[in-house]
Every structure is written in structure tokens, then in C-alpha cells.
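*Asks:* I'd like to ask some things about the structure below.
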Amino acid sequence: MTRPAATPTTRRALWLIVLFGLVSLLADLTYESARSLIGPYLGWLGASATAVGVVAGAGELVGYGLRLASGYLSDRTRRYWTLTLLGYAVNLLAVPALALAGRWEVAAALIIAERAGKALRTPVRDVLLSHATAQVGHGRGFGLHEALDQIGAVAGPLLMAGVLLQGGDYRTAFALLLVPALLALGLLGVARLRYPRPQELEAARPTAPADRTFPRTFWIYLTGAGLLAAGYADFPLIAYHFREAGVLPEAWIPLSYALAMGVDAGAALLLGRWFDRFGPITLALAVALTSAFAPLTFLGGAAAAWVGMALWGVGMGAQESILRATLARMIAPERRGTAFGLFHAVFGVCWFAGSALLGVLYDTSIPALVGVAVALQVLAALVLGWMSRQPKR
Numbered sequence: 215m216t217r218p219a220a221t222p223t224t225r226r227a228l229w230l231i232v233l234f235g236l237v238s239l240l241a242d243l244t245y246e247s248a249r250s251l252i253g254p255y256l257g258w259l260g261a262s263a264t265a266v267g268v269v270a271g272a273g274e275l276v277g278y279g280l281r282l283a284s285g286y287l288s289d290r291t292r293r294y295w296t297l298t299l300l301g302y303a304v305n306l307l308a309v310p311a312l313a314l315a316g317r318w319e320v321a322a323a324l325i326i327a328e329r330a331g332k333a334l335r336t337p338v339r340d341v342l343l344s345h346a347t348a349q350v351g352h353g354r355g356f357g358l359h360e361a362l363d364q365i366g367a368v369a370g371p372l373l374m375a376g377v378l379l380q381g382g383d384y385r386t387a388f389a390l391l392l393v394p395a396l397l398a399l400g401l402l403g404v405a406r407l408r409y410p411r412p413q414e415l416e417a418a419r420p421t422a423p424a425d426r427t428f429p430r431t432f433w434i435y436l437t438g439a440g441l442l443a444a445g446y447a448d449f450p451l452i453a454y455h456f457r458e459a460g461v462l463p464e465a466w467i468p469l470s471y472a473l474a475m476g477v478d479a480g481a482a483l484l485l486g487r488w489f490d491r492f493g494p495i496t497l498a499l500a501v502a503l504t505s506a507f508a509p510l511t512f513l514g515g516a517a518a519a520w521v522g523m524a525l526w527g528v529g530m531g532a533q534e535s536i537l538r539a540t541l542a543r544m545i546a547p548e549r550r551g552t553a554f555g556l557f558h559a560v561f562g563v564c565w566f567a568g569s570a571l572l573g574v575l576y577d578t579s580i581p582a583l584v585g586v587a588v589a590l591q592v593l594a595a596l597v598l599g600w601m602s603r604q605p606k607r
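Mapping of the sequence shown onto our numbering: position 355 corresponds to residue 569, and the numbering continues sequentially without gaps.
What follows is the structure in C-alpha cells.
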């Protein structure tokens, strides 16, 4: 697939993608910073380890469970901007409000509110973004958005570390996050004023009766995405292994994550371009390639760990760019809110179920963990490869 010719419409679409990317950069700078401190902060306020675990689990349950409702609501009401603005406001303003929490119970409520705000806005934001990516290529557009997003994801925890190293406390760190939060909301307001109807960026197409239901390929895609999520080890488990097994010095573990996030950004851009040229088979091949991260990170030494983290970053880049691009290409605009909501809900549930399973396996047999992770990833690649060969409808 060749890149669309540069026209005033494609340039406007590209600027909307950049605006959303900058909003995501600042948003990630805000809430990823907070997520790096939430556990210690709750403990500082007097919460027990059990309470910290329950709060974290409840936040993620709300964060993924509400996405299906949010996507469905956006398709029913067509109030995409209203839901996006409301979700970002709750998501971002709850973070600096943590500086005012005098009890851990108040902080817990704010943490859950932050996750609820993200759940409200994520599927709806992806729908708005998909109208713009239709002009420049879904892969290229979502890849650019993910690359900008990851700058904030890397910078946020580094900013918090700098504040604490300079003698600041948790309240100071959270209070400083009001600045990127307000900047993100300001840029989102600019995007709303400049692009009140982003759906006009996407060429209208007749709505066939089949468009009112999801195509068969969507359910195959959802199955593949669920398998992918279930078999993808989360970084906390990888970091735990690096520390417990002495694979990397403790001070280097955050650097391995920074490497993965940097690779994530570059991979999202490259895979996005390949997706627009070669189609969904790119996703299947990327998943198959990155399945090698599990044996490298859990069975190898330091050198293998660095290579494994780079591959893990490639996989994350694929998930955040061409996995979303595949859905945007597959589903009619009128149903994308529900589709994105269902995708995010299923992906999240499978991710956490898989994380729990891999955690149990780590305590019993690391080779078994690796075997299950690789098997699920390869199975996901086969399902997604099969999907890429199916008729579009």
C-alpha cells in the first residue's frame, strides 16, 4: 500500500495525530510518574501490603472493565469529544490531587478515579484518532501516536526519581504533576476547537447491513489479541526475576525498561509503515518474532536479558500501534467505539489473567513459565496470521 498523497486533508489529519500524540506524551508524563510512586506512597500513608495490592487490583479492574461500557456509550451517543474530555480531566486531575490526600483511603479513591478516567477516554480517543489515521495510513498514524506517547512514559518516572533525589517528598512530586496535566488538557482543548468533527477527515462509505455487526475476522482478531495478552510477561515480573536471580545489577533494571520503551517508540513507527504496506500479516510476524523475549529474559544471562528486553519493547510497540491499526481498518466508523471498548476489555482481562498464571509458574518452574509464554505467543501469531488471510467481511 503506498502512502496517500499529501493534500490539505492529509496534512490536517497528520496534525491531529500529532496533537493527540503530544496530549498522550503529557498524560503519560503525569500518570506514569504517579504509578511509579503509588505503592511507596500508600505505604507512607499507612496502608498495609494487602491494602496496596487490593487498591492496585481494583484500579486495574475498573480501568479495563469500564472500557467496554465507554466504547458502547460513545457509539450510542456520538459524543466522542465530550467523553474524551471528561475522561482525560478525571484521569489527569486525580494525580496531582494525591498531594492533598491525608489518609491512604483518600489516596486509594483517587487512584481508582484515575483508572476510571483512563477507561472512559481510551476507546473513545482511539475512535477519534482512527478518523485521522485513515488519511495517512492506520499503521503510520497509530505508530506516530505511540512513539510520542512513549516519550512521556520514559520521562515521567525519571522526573519523579529526580525530584526525590533532590530531596523532595511524595507530596511535592505529585503536586508538580499538575503542570503536565494542565498542559495536556490545554492541548486537548486546542484539538477540540480545531477539529470539532474529526469524522469528516475519513471518507464516508455506505453502511452495509453487515457493518451493523462485527465481521468474523474481528472475533478471530480478538482471540489472537487475547492469547497475545495472556502470554506477554509484564515488566514487574521480569524486573523481579532480574533482581532475584542476579541477572542485572539493581541500578540497571530501570535502564533495561528505558531501553524497552525506546525500542517500543522506534518499532511502532517502523511497524506502522510496514503495516500500511503489507497489511495485517505484519502483526502476526511481529508477534512470532518477539516471542523469543521470554527465554532470553528468564533463562539467559545479562547479555541475553538486554536482547530480550529489546524484543519485549518491539512487542509492546506492535501492541500499541499495529494491533490498534488492524482494528481501525477492519471495523466501520459507526461501530469502532464498541469495538475498541471490547478489544481493550478483553485484552486487559487476558493480560491480568496471564500475568497471574505466569507469576504462579515463576514460583514453581521458570522453564514452564517460558514454555507457556512462548506457546501462547506462537498460538497468537498463528491465529493472527490466519485472520490476515480471511476475507474482510
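Glycine included, each C-beta is placed from N, C-alpha and C at the ideal position. Quick caveat: nothing in here was measured; it's all calculated off a predicted structure.
Whole-angstrom Cβ separation of ALA333 and SER284, contact assumed at under 8 Å?
*Replies:* 6 Å
*Asks:* Do the segment 364-383 and the segment 505-522 make contact, defined as three or more Cβ pairs closer than 8 Å?
*Replies:* no
*Asks:* What would DSSP say about VAL368, mapped onto helix, strand or coil?
*Replies:* helix
*Asks:* Return yes when the Cβ of GLY527 is within less than 9 Å of the Cβ of GLY476, no when it is not.
*Replies:* In this structure, GLY527 lies closer than 9 Å to GLY476 by Cβ.
*Asks:* How would you write the range of the alpha helix (DSSP H) that ARG335 sits in, first residue to last?
*Replies:* 318-350
*Asks:* If you measure between the beta carbons of LEU230 and LEU390, is that distance less than 9 Å?
*Replies:* no
*Asks:* Which parts of the segment 491-565 are runs of the alpha helix (DSSP H), unbroken and 4 residues or longer, counting only runs that do not cross its ends?
*Replies:* Unbroken alpha helix (DSSP H) runs of no fewer than 4 residues, entirely contained in the segment 491-565, are found at 495-504, 507-513, 516-534, 536-544, following chain order.
*Asks:* For PHE449 versus LEU251, is the C-beta spacing smaller than 9 Å?
*Replies:* no
*Asks:* Could you check where the alpha helix (DSSP H) with GLU414 kicks off and where it finishes?
*Replies:* GLU414 -> no alpha helix (DSSP H), and no H or E assigned at all.
*Asks:* Look at the alpha carbon of GLY235 and the alpha carbon of ASP242, and state the distance between them as a whole number of angstroms.
*Replies:* Just so you know, the alpha carbons of GLY235 and ASP242 end up roughly 10 Å apart.
*Asks:* By a C-beta neighbour count over all protein chains shown, 10 Å radius and 16 as the cutoff for buried, is GLY515 buried or exposed?
*Replies:* exposed
*Asks:* Which one of SER470, LEU402, GLY551 has the shortest CA to CA distance from ALA518?
*Replies:* SER470
*Asks:* Please state whether the Cβ-Cβ distance between LEU240 and ALA482 is less than 9 Å.
*Replies:* no
*Asks:* Write down the C-beta distance between ARG329 and LEU297 rounded to the nearest angstrom, noting that I regard them as a contact closer than 8 Å.
*Replies:* Between LEU297 and ARG329 the Cβ distance is about 16 Å, and since that is not below 8 Å, they are no contact.
*Asks:* Determine, using beta carbons only, whether GLY351 and SER535 come nearer to each other than 9 Å.
*Replies:* no
*Asks:* Okay, do the segment 492-501 and the segment 591-602 touch, 3+ Cβ pairs below 8 Å being the bar?
*Replies:* yes
*Asks:* Measure the C-alpha to C-alpha separation of ARG603 and ARG543 and round it to an integer number of angstroms.
*Replies:* 15 Å
*Asks:* Which one of GLY562, TRP520, GLN413, PRO468 has the shortest CA to CA distance from THR224?
*Replies:* GLN413
*Asks:* Quick one: measure Cβ to Cβ for ALA227 and ALA346, integer angstroms, because I've assumed they're closer than 8 Å.
*Replies:* 4 Å
*Asks:* Determine the DSSP secondary structure at PHE428, reduced to helix, strand or coil.
*Replies:* coil
*Asks:* Excluding the 5 residues preceding and the 5 following THR552 in the sequence, name in chain order all residues of the same chain whose CB lies nearer than 6 Å to its CB.
*Replies:* GLY285, TYR286, ASP289
*Asks:* Does the distance from the C-beta atom of GLU246 to that of ALA367 stay below 9 Å?
*Replies:* yes
*Asks:* DSSP state of ARG249, grouped into three classes?
*Replies:* If DSSP states are grouped into helix, strand and coil, ARG249 belongs with the helices.
*Asks:* Quick one, are the C-beta atoms of ALA321 and LEU259 less than 9 Å apart?
*Replies:* yes
*Asks:* TRP600 lies in the alpha helix (DSSP H); which residues open and close that run?
*Replies:* Note, TRP600: alpha helix (DSSP H), 580-602.
*Asks:* Leaving out five residues before and five after GLY493 in sequence, what residues of the same chain have Cβ atoms less than 7 Å from its Cβ?
*Replies:* SER602
*Asks:* When the distance is taken between beta carbons, is ALA447 closer than 9 Å to PHE561?
*Replies:* no
*Asks:* Going straight from the alpha carbon of GLY316 to that of ALA395, what length do you get?
*Replies:* Put simply, the backbone Cα of GLY316 is about 21 Å away from that of ALA395.
*Asks:* Which one of LEU497, MET530, SER579 has the shortest CA to CA distance from ALA474?
*Replies:* Closest in alpha carbon position to ALA474, among LEU497, MET530, SER579, is MET530.
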